[in-house]
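Trainee:
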Amino acid sequence: MKQLYSVILFVSAALLITACEIGLGIAPNSPQLPDNGSSDTGLDQPGYGIKPTVPLKRRPIVPTSKLPRPKIIERISWTEAGTLSVALTEDTPAVITIVVRDGSLRSYVVDARTVEITNVPEEEFEMQIDVADERYTVVVD
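Those letters in the sequence shown? Residues 9 to 149, per the working numbering, in order.
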């Protein structure tokens, strides 16, 4: 029985030593490499036993949703005469609708790039600008 245990111990030690030598890339009975500060075993080289990281959820390169249009309103400002000046970035036809908090509406059809609107409400209101199939909403104080 003691002889069986010693044979099993000897075989396991031999397998362990052989596996360690093969795992490090050192062949059995090879001369020992001089230690000059660099490792020639290849462990520190990229790609040695390392697989690239794969994300759990792949992200699309191009978004699947519709990309937003560029900004259509260049500037909204009050003039000295008390009118509201709206400057658009393009010369496209637009419909400007002013919605007051009490529910009243005023609509203007615009073909110019800069529009001055008179008779604007004194309180805060919402201005909707419709260009093509897009609607832009701005709250004006």
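No residue lacks a Cβ here, since even glycine has one placed at the ideal position from N, Cα and C.
Quick caveat: nothing in here was measured; it's all calculated off a predicted structure.
Out of V103, T126, N127, R114, point me to the one whose CA is closest to A120's CA.
Mentor: Checked all of V103, T126, N127, R114; the closest Cα to A120 is V103.
Trainee: So the beta strand (DSSP E) R109 belongs to, where does it begin and stop?
Mentor: First-last for R109: undefined, no H or E at that position.
Trainee: In this structure, does DSSP put A102 in helix, strand or coil?
Mentor: Strand, per DSSP.
Trainee: Please name the residue, chosen from R83, L113, S112, V108, that lies closest to E124 on a Cα-to-Cα basis.
Mentor: Out of R83, L113, S112, V108, R83 has the C-alpha closest to the C-alpha of E124.
Trainee: Measuring CA to CA, which of D138, V147, E132, R114 is closest to E98?
Mentor: Closest option to E98, Cα to Cα, is D138.
Trainee: Of all Cβ atoms in chain C, is any one closer than 7 Å to the Cβ of T61?
Mentor: The structure shown has no chain C; it contains just one protein chain.
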